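Numbering (numbering that gives the first Met the number 0), first residue to last: 0 to 141.
A virtual CB, placed ideally from N, CA and C, is assigned to each residue, including glycine.
Source: prediction; values computed, not measured.
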Amino acid sequence: MNVEYELSPTAWVREQTEKILKTGTTECVEINMRPVVLVTMRGAKSGKLRLVPLMRVEHNGSYAIVASRGGAPTHPAWYHNVKAEPRLELQDGTARGEYIAREVSGQERAEWWNRAVAAFPPYAEYQTKTDRLIPVLVLEPA
Ligand SMILES: C[C@H](OP(=O)(O)OC[C@@H](O)[C@@H](O)[C@@H](O)Cn1c2nc(=O)[nH]c(=O)c-2cc2ccc(O)cc21)C(=O)N[C@@H](CCC(=O)N[C@@H](CCC(=O)O)C(=O)O)C(=O)O
């Protein structure tokens, strides 16, 4: 049974996703020479399986995903998907696993925000472009 995946309507994102699917590894793509992971999540309204590439922020087997959307004034739609259904799959390189996402705040968010900015420095600039607090969600192995 072939599962119906929905790729991003944004061309450059869809192209990176297609490359990951074709090569079988997220190592075939990068942003500013920084690694990417591929998250598979359930659409909150459509129920579709959506494939969302995000920057790789990893620490001791857990990951953070950052709902930056380049510092746009509103959260990316995928943020609402993950809040509605926190169980998701993450692919890092060729490794894929089930994770449970939870939004973090306070000191825990600060720690993961530092890791995120170390992994992808533009996050710091994105946060200066919007007064929305960019959500950080930690993914722990299910
Ligand atoms: C364009 C829109 O995407 P979005 O979910 O807003 O997310 C925008 C971007 O964050 C998303 O494209 C990311 O993959 C971009 N992106 C990163 N985006 C980030 O926010 N952070 C990152 O670290 C990041 C890294 C990254 C690396 C590589 C790459 O190729 C892309 C990267 C989209 O896909 N819309 C679809 C689906 C939206 C959706 O998920 N709908 C839900 C409902 C959502 C709701 O309830 O509101 C559903 O299906 O039910 C549509 O409009 O049809």
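Per the coordinates, the alpha-carbon of R55 lies some 23 Å from the alpha-carbon of P72. A distance below 8 Å separates the beta carbons of V38 and L89. For K18, the distance from the CB to the nearest heavy atom of ligand 1 is not below 7 Å. Per DSSP, reduced to three states, the secondary structure at H58 is strand. Under the three-state reduction of DSSP output, E14 falls in the helix class.
The three-state secondary structure of P72, taken from DSSP, is coil.
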